[in-house]
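Before any comments, here is the structure.
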Amino acid sequence: MKFEKHIQSLEETEQLAVNLAERLESQDTITLEGDLGAGKTTFTQALAKGLGIKRTVNSPTFTIMKQYEGRLPLNHLDVYRLMDSDEDLGWEEIFYGDAVTVVEWAHLIEEDLPKERLAITIKRTGEQERLFILEPMGARYVELCEELMK
Ligand SMILES: Nc1ncnc2c1ncn2[C@@H]1O[C@H](COP(=O)(O)OP(=O)(O)OP(=O)(O)O)[C@@H](O)[C@H]1O
Ligand SMILES: [Mg+2]
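Okay, here's the thing in structure tokens:
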């Protein structure tokens, strides 16, 4: 099952992220795929704001993971530079603690991801236009997507 949303502006991306943030619970996992500059980090920054995170969220490309405190803690992972995909960063603690986890370039750690998650692919279709493809894996995420698409 896939849901598609055509986005016309940066503000619409931010609104989508905030709407999602409001509905998130501990242990939710969101994966973000898309080419360089698609908007994965931009989406995560708006999501963080929506979670009430005050600190600036930067791309954790060189640190792999950063944690932020908000309504719920947020784990922000960018596994683009995780060369050895067999490396165990302590996935259990990351995905099954109190936090919400967002993973950029998630396909690089496919086997370590929770089976139930929301997979988001962002396609750049113009300067500010984007196509968001939401693929819910598991019943909770299907419901979440249906809510988001209303
Ligand atoms: N509708 C939109 N949604 C998201 N970003 C947008 C949109 N319109 C313009 N942008 C701009 O596109 C850029 C997206 O960059 P961003 O760093 O978020 O991409 P990324 O997918 O994380 O790339 P990377 O793979 O390099 O980490 C930002 O400069 C952002 O302001
Ligand atoms: Mg990024």
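Read in order, the letters of the sequence shown correspond to residues 232 to 381 in this note's numbering. Quick reminder that beta carbons are idealized off the backbone N, C-alpha and C, glycines included.
- Taking 8 Å as the upper bound for CB-CB distance, LEU303 and LEU282 are in contact here, some 6 Å apart.
- Residue burial is scored here from C-beta neighbours: ASP343 has at least 16 other C-beta atoms within 10 angstroms and is therefore classed as buried.
- Here TYR327 carries a coil assignment [DSSP, helix/strand/coil].
- Distance from the CA atom of GLU335 to the CA atom of GLN359, rounded to whole angstroms, is 20 Å.
- With respect to the C-alpha of VAL333, the residue from PHE274, GLU245, ASP319 having the closest C-alpha is PHE274.
- Annotation for MET314: no beta strand (DSSP E) segment contains it, and DSSP assigns it neither H nor E.
- Counting the other Cβ atoms within 10 Å of the Cβ of ARG348 gives 16 or more, which makes it buried.
- Ligand 1 never approaches GLN246 closely enough for any of its heavy atoms to be under 7 Å from the residue's Cβ.
- Three or more Cβ pairs drawn from the stretch 234-246 and the stretch 360-368 lie within less than 8 Å of each other, which places the two stretches in contact.
- Cβ neighbours of PRO345 within its own chain (closer than 7 Å, five residues either side excluded): THR260, PHE326.
- A Cβ-Cβ separation of about 20 Å leaves ALA269 out of contact with LEU305 under the 8 Å criterion.
- Taking GLN246 as reference, the option from ASP266, LEU267, VAL310, ALA279 with the minimal CA-CA separation is ALA279.
- For the pair ASP319 and PRO291, the CB atoms are not nearer than the 8 Å cut-off.
- Here MET232 carries a coil assignment [DSSP, helix/strand/coil].
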